[in-house]
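Trainee: If you're matching them up, the sequences are chains A and B in order. So for the first sequence, our numbering puts the first residue at 23; every next one is plus one. So for the second sequence, our numbering puts the first residue at 0; every next one is plus one. Note that beta-carbon positions come from the ideal geometry of N, C-alpha and C, so glycine has one too.
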Amino acid sequence: GQSLEQPSEVTAVEGAIVQINCTYQTSGFYGLSWYQQHDGGAPTFLSYNALDGLEETGRFSSFLSRSDSYGYLLLQELQMKDSASYFCAVLGGEYGNKLVFGAGTILRVKS
Amino acid sequence: DVKVTQSSRYLVKRTGEKVFLECVQDMDHENMFWYRQDPGLGLRLIYFSYDVKMKEKGDIPEGYSVSREKKERFSLILESTSTNQTSMYLCASRPTGPIIHQTQYFGPGTRLLVL
Chain A
23 GQSLEQPSEV TAVEGAIVQI NCTYQTSGFY GLSWYQQHDG GAPTFLSYNA
73 LDGLEETGRF SSFLSRSDSY GYLLLQELQM KDSASYFCAV LGGEYGNKLV
123 FGAGTILRVK S
Chain B
0 DVKVTQSSRY LVKRTGEKVF LECVQDMDHE NMFWYRQDPG LGLRLIYFSY
50 DVKMKEKGDI PEGYSVSREK KERFSLILES TSTNQTSMYL CASRPTGPII
100 HQTQYFGPGT RLLVL
């Protein structure tokens, strides 16, 4: 089976940097994804790491260490609109077509 | 622009009723998924399908079945609803392609209340 662990809540101030960690246990690992979900909205894709290292997309970066079964999402220059839930998700299954999500981290950005 | 639509945004049903939740995607994606989302539990995979008439159980298939007769449409069926199936149901689709491109697109969700 697959299981993912991430903090339930994180609070930070505008302009700060925050890191959301994710550890996973899985069989058949292809990569780690991150999704953002605002209240009442659908999850939207942020990033995907298949290989070890850091991927940067604007203010957001995502890191993966396959040997440690660990990844994180780094959000820089936090803005109020970044207040949302963030989910890590493992792509696995026999053919890499199954995406399993963690319980999510609620990020609250304060002014 | 990828579009995933779900037949209803809100549904209220009584225990024991049958429910069909329909999902349609317009981007010719091979893979389609049904999740339920509950507070503190994240998104849990119910069933997924990687081709027409193909289906695989996710992590919580009990009490659910699915149907994929056409590539663009994936239905979730609750044969006899129970109160513990009150939840937000999210449909998603994703193309089969290079592993590096793994964006999954979600529909707006159906909030089901079973009384």
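Can you say whether residue 140/A is buried or exposed, counting buried as having 16 or more other CB atoms within 10 angstroms of its CB?
Mentor: Beyond the ends of chain A as shown, which are 23 and 133, falls residue 140/A; an answer cannot be given.
Trainee: DSSP on residue 104/A, reduced to helix/strand/coil?
Mentor: Position 82 of the first sequence, counted from the start, is the residue given in the question as residue 104/A. Helix.
Trainee: Using beta carbons (cut-off 8 Å, strictly below), is residue 49/B in contact with chain A?
Mentor: Residue numbering aside, residue 49/B sits at position 50 when the second sequence is read from its first letter. By this cut-off, residue 49/B is an interface position.
Trainee: For the structure I just gave you, are there three or more beta carbon pairs, one from the stretch 17 to 26 of chain B and one from the stretch 71 to 89 of chain A, closer than 8 Å?
Mentor: Cβ pair count under 8 Å is below three, so no.
Trainee: For residue 58/B, which option in 28/A, 95/A and 123/A has the closest C-alpha, if you only look at C-alpha atoms?
Mentor: For the purposes of this step, residue 58/B is identified with residue 59 of the second sequence, where counting begins at 1. Selected option, being the one with the closest Cα: 123/A.
Trainee: Pull up the distance between the alpha-carbon of residue 108/B and that of residue 108/A, whole angstroms please.
Mentor: As a working note, residue 108/B is residue 109 in the second sequence. As a working note, residue 108/A is residue 86 in the first sequence. Computed Cα separation, rounded: 17 Å.
Trainee: Would you kindly work out how many angstroms separate the C-alpha atoms of residue 42/A and residue 103/B, rounded to a whole number?
Mentor: One-based indexing of the first sequence puts residue 42/A at position 20. One-based indexing of the second sequence puts residue 103/B at position 104. Answer to the nearest angstrom: the Cα atoms are 21 Å apart.
Trainee: According to the neighbour-count rule (16 or more other Cβ atoms, all chains shown, within 10 Å of its Cβ), is residue 63/B buried or exposed?
Mentor: Here the question's residue 63/B lines up with position 64 in the second sequence. Under this definition residue 63/B is a buried residue.
Trainee: What's the gap between the Cα of residue 10/B and the Cα of residue 110/B?
Mentor: Working through the second sequence from its first residue, we reach residue 10/B at position 11. Working through the second sequence from its first residue, we reach residue 110/B at position 111. Cα to Cα, residue 10/B sits roughly 6 Å from residue 110/B.
Trainee: Just curious, the beta strand (DSSP E) that residue 87/A is in, first and last residue?
Mentor: Position 65 of the first sequence holds residue 87/A. Residues 82 to 87.
Trainee: With respect to 7 Å, is the separation between the Cβ of residue 21/B and the closest non-hydrogen atom of the ligand NAP below this value?
Mentor: Absent from the structure shown: the ligand NAP. Ligands present: none.
Trainee: Under 8 Å between the Cβ atoms of residue 127/A and residue 59/A?
Mentor: Position 105 of the first sequence, counted from the start, is the residue given in the question as residue 127/A. Position 37 of the first sequence, counted from the start, is the residue given in the question as residue 59/A. Not a contact, by the Cβ cut-off of 8 Å.
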